[in-house]
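Take a look at the structure below.
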Amino acid sequence: MQIIQDHEQFLHVKVNPGAPQEDIFCTFVYAKCYTNPRRLLWEELTSISISTPHGSWGDFNVILHPNENQGGDMRRVGPIDDFNDMMIDTGLMDAGFEGDPFTWTNKRVWKRLTEFYTPKNGLIPKTL
7 MQIIQDHEQF
17 LHVKVNPGAP
27 QEDIFCTFVY
37 AKCYTNPRRL
47 LWEELTSISI
57 STPHGSWGDF
67 NVILHPNENQ
77 GGDMRRVGPI
87 DDFNDMMIDT
97 GLMDAGFEGD
107 PFTWTNKRVW
117 KRLTEFYTPK
127 NGLIPKTL
């Protein structure tokens, strides 16, 4: 494994699983809780142009869709829009999940904040 970029909010690495497969790029994210630092993260992730197999895992600290939230105040849609814009710009999509739809709670609010995203063009190997 080779570290490509070590950022305050993410670690971007290259993994070579061995011949004959090609390199796989992985981005591990731990996003800040506040909107402005996350916007900087979205810009950084957008600037990483990847055309080889890759995936992004982690705690993005924002929901992708309103149905990923139960309870609490949903009046602030700006962070959701920013996150969706980044997903469109990077060509990533939600890889789906099994089990509990919520990954975080404070016993009043439940949210799905930890996710796995893959490219829409299907470049992620099925072995991951």
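Positions in the sequence shown are counted from 1; adding 6 to them yields my numbering.
C-beta atoms are modelled at their ideal positions from N, C-alpha and C, and glycine is treated no differently.
Next on the checklist: Since Asp65 and Ala37 should fall inside the 8 Å C-beta cutoff, what is the C-beta to C-beta distance between them, to a whole number of angstroms?
Outcome noted: With 8 Å as the limit, Asp65 and Ala37 qualify as a contact, their Cβ atoms being about 6 Å apart.
Item to check | Where Met92 sits in the DSSP three-state scheme | outcome: Look at Met92 here: in three-state DSSP terms it is helix.
Checklist entry - According to the neighbour-count rule (16 or more other Cβ atoms, all chains shown, within 10 Å of its Cβ), is Ile94 buried or exposed? => result Exposed, because fewer than 16 other Cβ atoms sit within 10 Å of the Cβ of Ile94.
Item to check | For Pro125 and Ser98, believed in contact at Cβ under 8 Å, the rounded distance | outcome: In the sequence as presented, Ser is not what sits at residue 98; that position holds Leu. Contact flag correct, Cβ pair sits at about 6 Å.
Checklist entry - Is Phe66 near the ligand NAP, with its Cβ less than 6 Å from a heavy atom? => result Because no ligand of any kind appears in the structure shown, any question about the ligand NAP cannot be addressed here.
Checklist entry - Do Thr33 and Ser62 come within 7 Å of each other at the CB atom, strictly closer than that value? => result Judged by beta-carbon spacing, Thr33 lies within the 7 Å limit of Ser62, meaning their Cβ atoms are closer than that value.
Checklist entry - Nearest CA to the CA of Asp12: which residue from Pro23, Val21, Ile30, Val35? => result For Asp12, the closest C-alpha among the options Pro23, Val21, Ile30, Val35 is that of Val35.
Item to check | Rounded separation between Asp5 and Gly24 - CA only | outcome: Here the chain comprises residues numbered 7 to 134, so residue 5 is not present and cannot be evaluated.
Item to check | Straight-line Cα distance separating Asn90 from Leu70 | outcome: Taking the Cα positions, Leu70 is about 6 Å away from Asn90.
Item to check | Distance between beta carbons of Ile86 and Val68, contact taken as under 8 Å | outcome: Rounded, the Cβ-Cβ distance is 7 Å, consistent with contact.
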